[in-house]
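Number 589 in my numbering belongs to position 314 of the sequence shown; there are no gaps in the numbering. Just so you know, even glycine gets a beta-carbon here, dropped at the ideal spot from N, CA and C. In what follows, a structure is listed as structure tokens, so that the remarks can point back to it.
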Amino acid sequence: MSKQAIWSIIMIMTLSLIGVGVIQYFWIKRAVDLDEKNFDDKVTIALNNVKKRLITDAEEAADKKYYEQKSILEPKNMLASIIKDDLSSKSEQLSKRIKELEFRSSFLDPNQLLENINIAILDKYLRMELESKDIDLDYEYGIYSNKDKAYIIENGNYAAIIGDTTKSSNVAAMNPLYKAEYKISLFADDMLDPGHLNLYFPGKKRFLWSNVIGILLSSVVFTGLILFCFSYTVYVIFHQKKVSEMKTDFINNMTHEFKTPIATISLASDSILSPTIIENKDKVIRFINIIKQENKRMLSQVEKVLQMAQIEKENVELKFNPINLHDLIVDAVVNAELKVLTKGGTIVTNLNAQKPVIEGDVTHISSIINNLLDNAEKYTPEKPEIVISTKDVKGGVEFSVTDNGIGMSKDALKNIFEKFYRVHTGNLHDVKGFGLGLSYVKAMVDAHHGKIQVKSEPGKGSTFTILLPEKQKTK
């Protein structure tokens, strides 16, 4: 899959995720808005019912007071009726009715009604009406007087009136009733609005969101799972693309590595069959040695590939025996020294460990040292200066291989232990190998329960440090 196709898929998936997220947000927001509207309608109906109840109570109280006063004045009215019985015209009856209504309405003074509200009754009506609408929330309420410009009743208590509180921003800020969403006028008429009943729900927002919390959490969880799967898929795509590129690199290098010895063997075989060569025993032996050497070289490369296959399947059987690490290092230096000297370089050993004997597999420990020395030589174009050191550490021995080669970037350091990975040197075949050496080293160090660290800077060389335990863990 091309890089452009991968990025196109990622873009489509990203836009799809964003689209799903936006749709879910508006869907949940709409659900909350609908719940809020339904809640507001219920509260408004409840307040109107409370208002009607208060008006009914006020009218009944006014009627009662009116008839009490009327019973006191009734004898005088009867005497006047006897004296002026002959004046019972329609106009006088109408005038009498008007005066009666004026007298009765004097008991319904709006301001007075507002101040005479029974707190217990008001609290009872509010609670009853809200419960009838299935609203079970804590609330705060107050009766605001336009005359006094202050709350005269707050939450079941008569409030102390201290001047015009509307002019005090501190009072308004401290009293949540000033930001109440629900308000209804009480005892208002065409000429006068004495005040209003305010209702405030401190936990309204929390209540509304609690109705959709299940949907919200489910949405977040499933969106998170989709996002995780998407991210992991992107990671896998890029990782597989990288592995594919490294495998292609591996195949190209393997072809190159096998092509040279095969061509050499073919040429040597043809030479042996030549009549002029076959009669010359020394030349035949020389060509046979070339064939043998190239065959050994191919066998070594095949063994590396097979070893990595076994390591990957965890089928490697290690034979742990006491081995002297210094002896293995000396042998490896002897094998690598010729190539280093050919480039005009040097190998320096600082074998400072006092207890170099460890438990390990001699074959694989030797391969670890040889691989590190081989890399140090290969990745140092001119005059390699290689230093291999050992020292005692708690529980084992630490050895390091330092070179003055091309070094590695931080990105390269993250990948050097992956199979088939090779540090880019500008030419695919200028440094021979399959990209298996360091992955093999890491696998074998882990198999010996050791640790490996790398420090490197481009143009300044690299240092590989390996810690191997003195004793291996028993199962």
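Closest to Q576 by C-alpha separation, out of T530, G620, I396 and T289, would be which residue? T530
Alpha carbons only, please: which of N430, A333 and D468 is nearest the one belonging to L474? N430
Any non-hydrogen atom of the ligand NAP within 7 Å of S641 CB: What this structure holds is no ligand at all, so the ligand NAP is not there to describe.
Apart from the five residues on each side of it in sequence, which residues of its chain come closer than 6 Å, Cβ to Cβ, to Y400? V325 and R328
Euclidean distance between Cα positions of P597 and N646: 21 Å
Identify which residue in A425, R572, L472 and T655 has its Cα closest to the Cα of S460. L472
Local conformation of I427 per DSSP, three classes: strand
Are at least three pairs of beta-carbons, each pair with one atom in the stretch 715–723 and one in the stretch 651–659, less than 8 Å apart? no
Looking at C-alpha atoms only, which residue of K666, H639 and M288 is the closest neighbour of I630? Residue 630 is actually Lys in this sequence, not Ile. The candidate whose alpha carbon is nearest that of K630 is K666.
With a floor of 4 residues, list each alpha helix (DSSP H) that falls wholly inside the stretch 641–704, ordered by position along the chain. 685–690
To the nearest whole angstrom, what separates the beta carbons of V672 and A628, a pair I think is in contact under 8 Å? 5 Å
Bridge partners for T621 per DSSP, in chain order? E660
Are the CB atoms of L742 and V668 nearer to each other than 8 Å? yes
Given that a residue counts as buried once 16 or more other Cβ atoms are within 10 Å of its Cβ, and exposed if not, what is E751? The structure shown does not extend to residue 751, since the chain is modelled only from 276 to 750, so the question has no answer here.
How many angstroms separate the CA atom of K558 from the CA atom of L613? 25 Å
Expressed to the nearest angstrom, what Euclidean distance is found between the alpha-carbon atoms of E375 and D413? In this prediction, E375 has a pLDDT of 49, which is less than 50 and means its spatial position is unreliable; nothing more can be read from the coordinates.
What does a CB cutoff of less than 8 Å around I281 pick up in its chain, not counting 5 residues either side in sequence? I512, F513 and K516
Using 10 angstroms around the beta-carbon of G470, count the other beta-carbons present and answer buried if the total reaches 16, otherwise exposed. buried
Rank I418, K422 and K424 by C-alpha distance to the C-alpha of Y433 and give the top, closest one. Here the closest residue by C-alpha is I418.
Go to E237, then tell me how far its alpha helix (DSSP H) extends in each direction, as first and last residue. One cannot answer for residue 237 here, as it falls past the ends of the chain, which runs 276 to 750.
Answer yes if the stretch 496–512 comes into contact with the stretch 290–308, meaning at least three C-beta pairs across the two stretches below 8 Å, and no otherwise. The stretch 290–308, when compared against the stretch 496–512, does touch it at the 8 Å Cβ threshold.
Residue of K317, N650, T638 and K479 minimising C-alpha distance to E406: Closest option to E406, Cα to Cα, is K317.
Which of the three DSSP states, helix, strand or coil, is assigned to P477? coil
In the DSSP assignment, find the beta strand (DSSP E) that holds S714 and state where it starts and stops. S714: not part of any beta strand (DSSP E); member of the alpha helix (DSSP H) spanning G712 to A722, first to last residue.
Whole-angstrom distance between E415 and K339, CA atom to CA atom: 32 Å
What separation, rounded to the nearest whole angstrom, lies between the Cα atoms of R572 and E732? 32 Å
What first and last residue would you give for the beta strand (DSSP E) that runs through I459? Y457 to L461
Run of the alpha helix (DSSP H) containing P550, from where it starts to where it stops: Per DSSP, the unbroken alpha helix (DSSP H) holding P550 starts and ends at P550 to I553.
In its own chain, which residues sit with a C-beta less than 6 Å from the C-beta of G736, not counting the 5 before and 5 after it? D678, N679, G680 and G682
Can you check which of these residues, L616, M719, N323 and I560, is closest to Y457 by C-alpha distance? Residue N323 holds the alpha-carbon nearest to the alpha-carbon of Y457 among L616, M719, N323 and I560.
If you reduce the DSSP assignment to three classes, tell me which class Q728 lands in. strand
Counting only the same chain and skipping the five closest in sequence on each side, list residues whose C-beta sits under 6 Å from that of S444. Caution applies to S444, whose pLDDT of 47 falls short of 50 and renders its modelled position unreliable; the value that the coordinates give is listed next. So the list is empty, once near-sequence residues are dropped.
Please state if the CB of I490 and the CB of K303 are separated by a distance shorter than 8 Å. At residue 303 the sequence reads Ile, which differs from the Lys that was named. Cβ distance < 8 Å, so I303 and I490 count as in contact.
With DSSP as the reference, label S519 as helix, strand or coil. helix
Taking all protein chains shown into account, do 16 or more other C-beta atoms lie within 10 angstroms of the C-beta of S485, making it buried, or fewer, making it exposed? exposed
I633: first and last residue of the uninterrupted beta strand (DSSP E) it sits in: V632 to G635
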